[in-house]
Every structure is written in structure tokens, then in C-alpha cells.
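Chemist:
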Amino acid sequence: MTKVKEIVERFEKFAPQDMAEPGDPVGLQLGSLSAEVKKMMVTLDVRPEVVKEAIDQQVDFIFAHHPAMFHPVKHFDLSVPQNQMYADLIKHGITVYAAHTNLDNAHDGMNDWLAAALGLTATSSLLPLKEEPLDQLCVYVPRTAAAAVRRALAQAGAGSIGNYTGCSYTAMGTGRFLPNQAAQPLIGRVNQPSQAVEEKIEVFVKPQVVSQAIQAMLAAHPYEEPVYYLVPVHGLNQKYGMGRVGQLKQPMTVEEFALKCKQIFQIPELRVISPNLNQIISRVAVLGGSGSQFYPAALQAHADVYLTGDLTYHTGHDILATGLTVIDPGHHIESICKPKLKHLFEKWRSENDWQFSIIASKLNTDPFKFI
Ligand SMILES: [Zn+2]
Numbered sequence: 003m004t005k006v007k008e009i010v011e012r013f014e015k016f017a018p019q020d021m022a023e024p025g026d027p028v029g030l031q032l033g034s035l036s037a038e039v040k041k042m043m044v045t046l047d048v049r050p051e052v053v054k055e056a057i058d059q060q061v062d063f064i065f066a067h068h069p070a071m072f073h074p075v076k077h078f079d080l081s082v083p084q085n086q087m088y089a090d091l092i093k094h095g096i097t098v099y100a101a102h103t104n105l106d107n108a109h110d111g112m113n114d115w116l117a118a119a120l121g122l123t124a125t126s127s128l129l130p131l132k133e134e135p136l137d138q139l140c141v142y143v144p145r146t147a148a149a150a151v152r153r154a155l156a157q158a159g160a161g162s163i164g165n166y167t168g169c170s171y172t173a174m175g176t177g178r179f180l181p182n183q184a185a186q187p188l189i190g191r192v193n194q195p196s197q198a199v200e201e202k203i204e205v206f207v208k209p210q211v212v213s214q215a216i217q218a219m220l221a222a223h224p225y226e227e228p229v230y231y232l233v234p235v236h237g238l239n240q241k242y243g244m245g246r247v248g249q250l251k252q253p254m255t256v257e258e259f260a261l262k263c264k265q266i267f268q269i270p271e272l273r274v275i276s277p278n279l280n281q282i283i284s285r286v287a288v289l290g291g292s293g294s295q296f297y298p299a300a301l302q303a304h305a306d307v308y309l310t311g312d313l314t315y316h317t318g319h320d321i322l323a324t325g326l327t328v329i330d331p332g333h334h335i336e337s338i339c340k341p342k343l344k345h346l347f348e349k350w351r352s353e354n355d356w357q358f359s360i361i362a363s364k365l366n367t368d369p370f371k372f373i
């Protein structure tokens, strides 16, 4: 049986929680990481109607883009629909996990899916890039045990760089030590200065595998007192950023592009702020969700059009005064994540020989109707 933890660990190699924006409540929302999964459902939102769908479909694991618990629970009064929803989830043993801005920021994640749907090429991050934390683990090992320690580190996921695994570097040297009366040294004798031919092994370790890498290294290390240290490093770290900006294959007018967006995202209506609907555009910025506060970044990136959701009246005025065109197709275009996530989990399921079924919620959770 596959546990939630295994599925989450695989996902977080793709979109680590460290990639989320500060304060974003991503990760396990409700339930248990050690729960077993027979049927998982991917969804944009966790709403009472989605939970009902999950119960009807006998789902035991909900994987959502938007966190179910955006607001802390201060009481558990079941007359509040949101609380009743949590109670239903617990009663039916459903675990809920959310990947929000870490999925937005990930390479080939939400904003890349939106950019690809819009047909953008040569895309780059709209907001300045940030760096995922990365450590270097260094350990001194007697030469005879070095291969076993390197193998253990690789199996624990240390030394993974792009398409390569088990990457490490070794420098040979001499270790010196004086075992005291209580010591049980592998090499040398009590109260006698000793030395050994040692390898210094260096590996890069991502934050999500640091503790398992250290445990595996210690288990394979033959010394009574293994010597190792971790140092944070810069350089190889994975870079990530919010939003995307890229080029349309064919320049078109603002109006043509707006109509194309309606068709791509299958929405009945969208809002446009533009000084001129006939302006020819070719450079497009996109940021899924509520990104209106980032319009200065779209200007700075020389975008002709910025596509984002949840625009307000006064921000609309500010944007119009800058001459930038903004298209607000709503927040629900992020439902593009449902087929994309389903496909990713199906791929990982077959790679890992996991046995559980995967469905996407069939519900439209857009709270707005257009009449
Ligand atoms: Zn969103």
C-alpha cells in the first residue's frame, strides 16, 4: 500500500515547500502523512461540494492547489459550513494536502502551464528569481568503508544534480586521532596516537533529504565518532520565480488576444483594462491567481499585456494610467492544474509501481456566475 508520505515526497522533489512564498500555508492540511491511499483526487479548491464529491467517490486523499485552511480555525462550531467540511473530512478519513505558491513557482508548474496554454515561447520568470536552499555534506571515512558510505548517501537521495544521481567528490588524506580509555576504535589502539587513510566525501544535499542522508551516512559509517559537517552553499541552487513572461508566436491586437484567452480557458467573460484594444501586442506576462499587485514587474519586463486574476477597481485605475494592458480572466483559470497534476501523478505512479487510482474533481469551483 502506498502512503500519503511517499506521494508527497515525490511531489516535493518537483515543487519543494521551500519554493512557496513566505506565510503561505502549504503542505499537509488535515489528516495523516502515514495514511494509506487507495484513491486520490486532484482539485483546484477544497470546498464542501468537492468534499461531498470525494466522499461519493470513496477518495481517501485530496491533493489541492489552494490550501483548505487559508484562515486559522478559532472554534469548531459545526454550524459554520467550513468547520462542517473539516468534520466531514475527518469523519471519512480523508487526508488533504495543498501545494500552492510552490506549485506556482515550480519549473513546469502552474505558471508554465498557463504560459504554455497561451502559446508563449522564450519564457522567463516575471518576478526576480530566488534560490532554493542547498547544503554540502562533508564526511571523513576510512578508505575501506568509503564506497559503502557513498552508496548509502546516493540511495538516500544525496548528490542529485539535474539528470544525475549519486554525484560526489572525494579527496584523499590522513585522519589522526587519540582514542581515550573508554573508546572502542576501529583503527588504532586506546591511548595511542593513531592515523588512518581517509576519504573526505563531499555531496550536495537538498533540504528535503538532509536528515535521511545523514541517517544513511551514519548507518554506513564504521567509526565510533563519525566526523561530518553541513555547510549552506550558493551556486548550484535551483532558481525559481513567480509568474512568467514570454513571446506570442504571432503578434495580434489586444482584442484578438482577449478573445483567444476566452477560448483557451473556456470562460464566458473576462475583463480588460487597456488604453487601446487595437494595439498590436507580442510580449505577454502571466501570473495565475491574484497577481494585480505585481503589475509594475510586468511593466519592467516590457510586457504589452499582463494576464492575472482578482483585479480591483482602484488598482485598475492605477494600471490604466500606466498604459499597460491587463486582462483579468478570473482566478478559476488555475483549474488547468487538474489535468496537469493528474498526468504528473500518473507518471510517478507508474515509475514507482504504486497501486492506487487517481481522479480529478469534475466540479467547477468558480464562485462567480456571469449573467
Ligand atoms: Zn490561486
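Per my numbering, the very first residue in the sequence shown carries number 3; after that it's consecutive.
Quick reminder that beta carbons are idealized off the backbone N, C-alpha and C, glycines included.
1) Can you give, in chain order, each stretch of the beta strand (DSSP E) that sits fully within the region 79 to 167 and has at least 3 residues?
2) Report the option in Lys349, Lys54, Met3 and Gln59 whose CA atom is closest to the CA atom of Ile361.
3) Kindly list the residues whose CB is nearer than 8 Å to the CB of Pro209, restricted to its own chain and excluding five residues on each side of it in sequence; keep chain order.
4) If I measure Cβ to Cβ from Glu2 and keep anything under 7 Å in the same chain, skipping five residues before and after, which residues do I get?
5) Compute every distance between the C-beta of Glu336 and the non-hydrogen atoms of ligand 1, then say whether any falls below 6 Å.
6) Hey, is the region 235 to 243 in contact with the region 97 to 109, meaning 3+ C-beta pairs nearer than 8 Å?
7) Can you list, in chain order, the residues of its chain with a C-beta nearer than 7 Å to that of Thr317? Leave out the 5 residues immediately preceding and following it.
8) Measuring CA to CA, which of Met42, Gln268, Thr146 and Gln214 is closest to Thr4?
9) Is any heavy atom in ligand 1 found nearer than 6 Å to the beta carbon of Gly293?
10) Excluding the five sequence neighbours on either side, which residues of its own chain have a C-beta within less than 7 Å of the C-beta of Ala303, listed in chain order?
11) Hey, how far is the Cα of Leu346 from the Cα of Phe16?
12) Check each candidate in Pro341, Leu35, His334 and Leu289 and name the one with the smallest Cα separation from Ser126.
13) Rounded to the nearest angstrom, what separates Gln374 and Ser284 at their Cα positions?
14) If Asp62 sits next to Thr103, beta carbons under 8 Å apart, how far is it from one beta carbon to the other, in whole angstroms?
15) Taking the alpha carbon of Arg178 as the point to measure from, which residue in Gln186, Gly168, Gly190 and Ala184 has its own alpha carbon closest?
16) Give the DSSP bridge partners of Gly177, in chain order.
17) Using 8 Å as the threshold, is the region 327 to 337 in touch with the region 358 to 372, meaning 3 or more CB pairs across them?
18) What does DSSP give as the partner residues of Leu289 in its beta bridges?
19) Hey, Leu250 and Asp330 are a contact pair by Cβ (cut 8 Å); roughly how many whole angstroms apart?
20) Measure the C-alpha to C-alpha separation of Leu122 and Leu238 and round it to an integer number of angstroms.
21) What does DSSP give as the partner residues of Pro234 in its beta bridges?
22) Among Phe358, Gln265, Glu257 and Gly164, which has the Cα closest to the Cα of Thr327?
23) Can you tell me which residues form a DSSP beta bridge with Arg246?
24) Straight-line CA distance for Ala222 to Leu155?
25) On a CA-only basis, which of Asn165, Thr176 and Gly168 is nearest Ser145? Give me that one, please.
Modeler: Looking at the coordinates:
1) Listed in chain order, they are 97 to 100, 123 to 127 and 137 to 144.
2) Of the candidates Lys349, Lys54, Met3 and Gln59, the one whose C-alpha sits nearest the C-alpha of Ile361 is Gln59.
3) Closer than 8 Å at the Cβ level, and outside the excluded window around Pro209, lie Pro18, Asp20, Glu134, Pro135, Leu136 and Asp137.
4) Since the displayed the chain opens at 3 and closes at 373, residue 2 lies outside it and no answer follows.
5) In this structure, the C-beta of Glu336 approaches ligand 1 to less than 6 Å from one of its heavy atoms.
6) Taking a cut-off of 8 Å for Cβ pairs, the region 235 to 243 and the region 97 to 109 touch, as three or more such pairs fall below it.
7) Result list for Thr317: Ser294, in chain order.
8) The residue with the shortest Cα to Cα distance from Thr4 is Met42.
9) Of the heavy atoms belonging to ligand 1, none sits nearer than 6 Å to the Cβ of Gly293.
10) Once the five neighbours on either side are set aside, the close Cβ partners of Ala303 are Leu128, Val247 and Ala287.
11) If you draw a straight line from the Cα of Leu346 to the Cα of Phe16, it comes to about 10 Å.
12) It is Leu289 whose Cα lies nearest to the Cα of Ser126.
13) Within the shown structure, residues of the chain are numbered from 3 to 373, placing residue 374 beyond reach of any answer.
14) Not really, about 26 Å apart at Cβ, beyond 8 Å.
15) Among Gln186, Gly168, Gly190 and Ala184, the Cα nearest to that of Arg178 is on Gly190.
16) The partner list for Gly177 (beta bridge, DSSP) reads Ala198.
17) In the pairwise beta carbon analysis, the region 327 to 337 is classified as touching the region 358 to 372: at least three pairs are separated by under 8 Å.
18) Thr310.
19) Taking the Cβ atoms as the reference, Leu250 lies roughly 19 Å from Asp330, outside the contact range of under 8 Å.
20) Rounded to the nearest angstrom, the two C-alpha atoms are 27 Å apart.
21) BP columns for Pro234 point to Asp137.
22) Ranking the options by Cα distance to Thr327, first place goes to Glu257.
23) DSSP lists Ser127 and Val288 as partners of Arg246.
24) The straight-line gap from Cα to Cα measures roughly 9 Å.
25) Reading the sequence as shown, one finds Arg at residue 145 and not Ser. The shortest C-alpha separation from Arg145 is found at Thr176.
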